[in-house]
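Quick notes on the structure that follows.
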Amino acid sequence: MSGFLNRSVSMVDAGGPVSLPGKVGSNGDARHRDSPAASPLKIFVLAKKKINDIFTEIDAYVMESRDFLKGLPPDSSLVTGEQVQDAVTFKSKIAGIREVLSRDHMKVAFFGRTSNGKSTVINAMLQDKILPSGIGHTTNCFLQVEGTDSDEAFLITEDSKEKKNVKVHLLPNTKNKAKSVGQLGHALCSEKLGESALVRIFWPKDKCTLLRDDVVLVDSPGIDVSPNLDEWIDKHCLDADVFVLVANAESTLMVTEKNFFHKVSARLSKPNIFILNNRWDASASEPDFLEMVHKQHLDRNISFLVDELNVVTRQQAEDRVFFVSAKEALQARLQHQKGQPLASGALADGFQVRYFEFENFERKFEECISKSAVETKFEQHVQRGKNICSDLQIIMDHVFEQAWRSREEKEIGHKEMSDQLDFTEKQLALLTHEVKDKINQMVEEVEQKVANALNEEIRRLSVLVDEFSNSFHPDLLVLNVYKKELNAHVELGLGSNLRSRLSTALSLSMESTQKDMTERMSALLPVERKHQTLNVLPRRDFEVLYRLNCDNLCADFQEDIEFRFSLGITCLINRFMGHHGGKLSILGYPDSVPRPLPATPLTPMPAERSLVSSEELSWLSRFAIASVSSQGAVGIIVLGGVLMRAIGWRVFILTGSIYGVLYVYERLTWTNKAKERAFKRQYVQHATRKLRLIVDLTSANCSHQVQQELSSTFARLCHLVDEAKQEMAVEICHLEKEVCKLEERANFAKKLRNKAGYVISELDTFARHYLLHKE
């Protein structure tokens, strides 16, 4: 007995005076046990709050990452469908972990044989008679006591969510419906629950420190009254942090109890087991055998924990075995709550030692359950959180690298496209200036060629008119038709001759120019658009139109095919006046009708051979003109008399005879052919004069046609280049937006990657504070 007393005394010396909750002082009064610093359970509470805060951040981070990945284009190389699905899976996993963490608590399961005092131990720890207790088989189901923020206690069964009263005490044999834990959990109650059923009892946290610190206490039926031990373990033991084997110190550790914990140890890796040798107050009646019985129980308990279960070392096992009296502890605490002294009432000798042993059990139990719960509840979650964040960090790093690489590629493409657009604009401006100069040069050449060719054809107009072989008749109606046909013949002939002279050269020149323009403009187009220049090839059917319109041009032509004696006085006077620079038409011919000059101009006679002096000739001419102009016979007689006087009558008669013969000859030869020749001669003279007036206009018109054709071709080519420029501008704008988007995505992925590192560091810090520093 001296060894047990020495152990108890050393505990008292180490732990100070015996303490009770809510009191401070000596002489049996208790120290305050509710201080957070004094309770090891606060470690779990703080760890739970910390890890919940961390997983709140992780949840927000995973959600942000999931939304970011789902927002990426599905056809991009930034992320795969599997990675997006992984992010969605991570979100559900984190939600599951948070749900488990919110429910996580320190769970203690009490087991033992029937009537060993399991319920009494729990009541003593809770400092109130909550669970049914008594002699015989009392607890008929599993009773789980946990804290609630409510001021009222209540209980809930598995098959109902109805909150039932905890404190209604009815007799076990009553026929009333069971409403309290004293009835639902009592083996003597008429309404029994199954042995594996669970009744959850919610007790106000402000009445118990253990419950305030997320401790859950589970009472069980006796392990010797049910064969369903495996079901118990699966349903109620796998999530327990600490097991308390409540043994009967009046007997010894039984095989039934050992077999149960062998099953537990087989299902759980090294469970934390405390052994309470309850009812140790019975040893006070046999003080002579106290030490020996104590050593016997202690050796058997330590051997069971160390040698059979192999869950602790021998040194650790000594702190897992306690000798208590739960009934005494409960009674003392209930009396203390009523304001009575701690050791009042009928208590056996050695109460102080046993009570301290009970408090020492609570202290060791608190330390063990806090450490065990932190490890068992949080270590796996920490590792899973780190794995999820590490996987997301890898995904975000991949997204960042791919986005940044794509951004660099897009920037290179943007720069190349911008340079190409700038080069195209400069080349187009330069080429436009050169093409305009070339078109102007070609237009001038065409104008000069057309003018030269048209002048040449005008000089050869008589040949073209002579080729007109339609029948001629001086009748007015027939003559009008003849004029129209001659105009059409001249217009057609001139146009045909001009085309034969110019068309081939102009076509070759234009084709060469258009081909050169097409080739140079095609060089400015992208490869995929070069084929479009085939649609802008020079027109094969283009031909310069020479619009002469002889009908309108010669509409004012008035022919004169009346017989005119070539040696008539009028003709001679006209020739004479024309030779001296006078008017060519003074004797009634219209000014608009050109009169042909004689083919061979008259040659003046030498002065020495002249029969009439120049003074006389001048006087004579003036008189003749006056006479002719007067159109009178007197003038002719006067003129004849003058001539006879001047040259003699013989010469006058001879001359008159010859003159008459010539007149008759010409009169007889004035046929339709002569009239046609005169008509054509007059027409050539008139048309020549009119055509020369439109040479510049016609050549300008032809050059304008060439200019229009070349300008149209160049405009179509420019349109293709402008479309290509517009596409390049749109592509540049698109690339700019893509670069901005990729930069935003890369920066956001980098931010999420760094955030993953931060969260992992938070988990590492949590592990260093709560998981690695174990005593």
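Using the UniProt record's numbering, the letters of the sequence shown map in sequence onto residues 1 to 775.
Ideal Cβ placement from N, Cα and C applies to all residues, glycine included.
(request) Would you kindly check if the distance between the Cβ of asparagine 116 and the Cβ of asparagine 278 is under 8 Å? (result) Looking up residue 278 in the sequence shown gives position 278. Looking up residue 116 in the sequence shown gives position 116. Yes, the Cβ-Cβ distance between asparagine 278 and asparagine 116 is below 8 Å.
(message) In whole angstroms, give me the CA-to-CA distance for lysine 446 and serine 703.
(response) On the sequence shown, residue 446 is found 446 positions in, with the first residue counted as 1. On the sequence shown, residue 703 is found 703 positions in, with the first residue counted as 1. What sits at residue 446 in the sequence shown is valine, not lysine. Valine 446 and serine 703: Cα-Cα distance of roughly 5 Å.
(message) Within 8 Å, do at least three Cβ pairs link the segment 370–377 to the segment 310–326?
(response) No, because fewer than three Cβ pairs between the segment 310–326 and the segment 370–377 fall closer than 8 Å, the two stretches do not touch.
(message) Mapping the DSSP letters down to three states, classify asparagine 248 as helix, strand or coil.
(response) The sequence position of residue 248 within the sequence shown is 248, counting from 1. Looking at asparagine 248 - three-state DSSP - the assignment turns out to be strand.
(request) At 3 residues or longer, and completely inside the segment 72–140: list those beta strand (DSSP E) runs for me, N to C. (result) 106–111
(request) Work out the CA separation of aspartate 349 and alanine 284 for me, nearest whole Å. (result) Walking along the sequence shown from the start, residue 284 turns up at place 284. Walking along the sequence shown from the start, residue 349 turns up at place 349. Computed Cα separation, rounded: 6 Å.
(message) Against chain D, with Cβ distances strictly below 8 Å, would phenylalanine 652 count as a contact?
(response) Here there is only one protein chain, and chain D is not present.
(request) Let me know the alpha helix (DSSP H) ranges lying completely inside the segment 331–405, each 4 residues or longer, listed in chain order. (result) 351–373
(message) Beta-carbon within less than 7 Å of alanine 47's beta-carbon, same chain only, minus the 5 sequence neighbours each way: which residues are those?
(response) Taking the first residue of the sequence shown as 1, we reach residue 47 at position 47. Result list for alanine 47: Val374, Phe378 and Tyr770, in chain order.
(message) Let me confirm a value: tryptophan 649 is counted as buried when at least 16 other C-beta atoms fall within 10 Å, else exposed. Which label applies?
(response) Residue mapping note: residue 649 aligns to position 649 of the sequence shown, counting from 1. A residue is called buried when at least 16 other Cβ atoms come within 10 angstroms of its Cβ; tryptophan 649 does not meet this threshold and is exposed.
(message) For a quick check, are the C-beta atoms of aspartate 213 and leucine 41 less than 8 Å apart?
(response) Translated into the one-based positions of the sequence shown, residue 213 becomes position 213. Translated into the one-based positions of the sequence shown, residue 41 becomes position 41. Going by C-beta atoms, aspartate 213 is nearer than 8 Å to leucine 41.
(message) So tyrosine 482 and threonine 698 are supposed to be a Cβ contact under 8 Å. How far apart are they, rounded?
(response) The residue given as residue 482 occupies position 482 in the sequence shown. The residue given as residue 698 occupies position 698 in the sequence shown. No, tyrosine 482 and threonine 698 are not in contact; Cβ-Cβ is about 25 Å, not under 8 Å.
(request) Would you check if the segment 87–106 and the segment 55–62 touch, i.e. whether three or more CB-CB distances between them fall below 8 Å? (result) yes
(message) Given this structure, state the Cα-to-Cα distance separating phenylalanine 361 from glutamate 367, to the nearest angstrom.
(response) Reading the sequence shown from its first residue, position 361 is the one you call residue 361. Reading the sequence shown from its first residue, position 367 is the one you call residue 367. Near 10 Å, if we compare the C-alpha coordinates of glutamate 367 and phenylalanine 361.
(message) Give me the residue from Met292, Gln340, Gly339 and Phe356 with the minimum Cα distance to phenylalanine 322.
(response) Indexing the sequence shown from 1 puts residue 322 at position 322. The residue with the shortest Cα to Cα distance from phenylalanine 322 is Phe356.
(message) Just to confirm before moving on: does the CB-CB distance between threonine 148 and phenylalanine 202 stay below 8 Å?
(response) Here residue 148 corresponds to residue number 148 of the sequence shown, with the count starting at 1. Here residue 202 corresponds to residue number 202 of the sequence shown, with the count starting at 1. Yes.
(request) Give the DSSP-derived three-state secondary structure of lysine 161 in the structure shown. (result) The sequence position of residue 161 within the sequence shown is 161, counting from 1. The answer is coil: DSSP assigns lysine 161 none of H, G, I, E or B.
(message) Looking at the secondary structure, which residues open and close the beta strand (DSSP E) in which isoleucine 273 lies?
(response) Here residue 273 refers to the residue found at position 273 when the sequence shown is read from its first residue. Going by DSSP, isoleucine 273 is part of the beta strand (DSSP E) stretching over 272–278.
(message) Taking 8 Å as the cut-off, does the segment 391–410 touch the segment 494–501 (at least 3 CB pairs, one atom from each stretch)?
(response) no
(message) At the level of alpha carbons, what is the spacing between phenylalanine 468 and histidine 489?
(response) On the sequence shown, position 468 is the one that residue 468 refers to. On the sequence shown, position 489 is the one that residue 489 refers to. Between phenylalanine 468 and histidine 489, the C-alpha separation is close to 7 Å.
(request) Drop a sphere of 10 angstroms on the beta-carbon of glycine 581, count the other beta-carbons inside from all chains shown, and report buried for 16 or more, exposed for fewer. (result) The residue you call residue 581 lines up with position 581 of the sequence shown. Bear in mind that a pLDDT of 45 at glycine 581, under 50, signals an unreliable position, so the model cannot answer this.
(request) For the alpha helix (DSSP H) containing residue 776, list its first residue and its last residue. (result) Nothing in the structure corresponds to residue 776, since the chain is present only between 1 and 775.
(request) Go ahead and pull the three-state DSSP assignment for arginine 547. (result) Taking the first residue of the sequence shown as 1, we reach residue 547 at position 547. DSSP places arginine 547 in coil when its eight states are reduced to three.
(message) In this structure, how does DSSP classify proline 287 when only helix, strand and coil are distinguished?
(response) Here residue 287 refers to the residue found at position 287 when the sequence shown is read from its first residue. Proline 287 falls in the helix class under three-state DSSP.
(request) Just tell me which of Asp206, Phe243, Glu195 and Val246 has its CA closest to the CA of asparagine 225. (result) On the sequence shown, position 225 is the one that residue 225 refers to. Per the sequence shown, residue 225 should be read as valine rather than asparagine. Selected option, being the one with the closest Cα: Glu195.
(message) Pull the bridge partners of residue 860 from the DSSP assignment, please.
(response) Past the boundaries of the shown model lies residue 860; the chain is included only from 1 to 775, so the question cannot be answered.
(request) Look at the Cβ atom of valine 79, then the Cβ atom of leucine 143, and state whether they are nearer than 8 Å. (result) In the sequence shown, counting from the first residue as 1, residue 79 sits at position 79. In the sequence shown, counting from the first residue as 1, residue 143 sits at position 143. For valine 79 and leucine 143, no; Cβs fall outside 8 Å.
(request) Quick one: using the 10 Å Cβ neighbour count with 16 as the cut-off for buried, is lysine 755 buried or exposed? (result) Numbered from its first residue, the sequence shown carries residue 755 at position 755. Buried: at least 16 other Cβ atoms inside 10 Å.
(request) Go through its chain and collect everything with a Cβ distance to alanine 266's Cβ below 6 Å, but skip five positions before and after it. (result) Locating residue 266 in the sequence shown gives position 266, counting from the first residue. None.
(request) Specify the secondary structure class of isoleucine 156 as computed by DSSP and reduced to three states. (result) The residue labelled residue 156 in the question sits at position 156 within the sequence shown. Here isoleucine 156 sits in strand by DSSP.
(request) Determine, using beta-carbon pairs with one atom in the segment 325–335 and one in the segment 118–129, whether at least three such pairs fall under 8 Å. (result) yes
(message) Can you give me the C-alpha to C-alpha distance between methionine 125 and alanine 767, rounded to a whole angstrom?
(response) What you label residue 125 is simply residue 125 of the sequence shown in a count that begins at 1. What you label residue 767 is simply residue 767 of the sequence shown in a count that begins at 1. Answer to the nearest angstrom: the Cα atoms are 31 Å apart.
(request) Within 10 angstroms of the Cβ of tyrosine 659, are there 16 or more other Cβ atoms? Answer buried if so, exposed if not. (result) Counting from 1 along the sequence shown, the entry for residue 659 is found at position 659. Tyrosine 659 comes out exposed.
(message) Helix, strand or coil, according to DSSP, for valine 446 in the structure here?
(response) The sequence position of residue 446 within the sequence shown is 446, counting from 1. Helix, per DSSP.
(request) Please list, in chain order, all residues of the same chain as aspartate 281 whose beta carbon is under 7 Å from its beta carbon, the five residues on each side excluded. (result) On the sequence shown, position 281 is the one that residue 281 refers to. Cβ within range, chain order: Ser325, Glu328, Ala348 and Arg354.
(request) Counting only the same chain and skipping the five closest in sequence on each side, list residues whose C-beta sits under 7 Å from that of leucine 567. (result) Here the question's residue 567 lines up with position 567 in the sequence shown. Tyr659 and Leu662, listed in sequence order.
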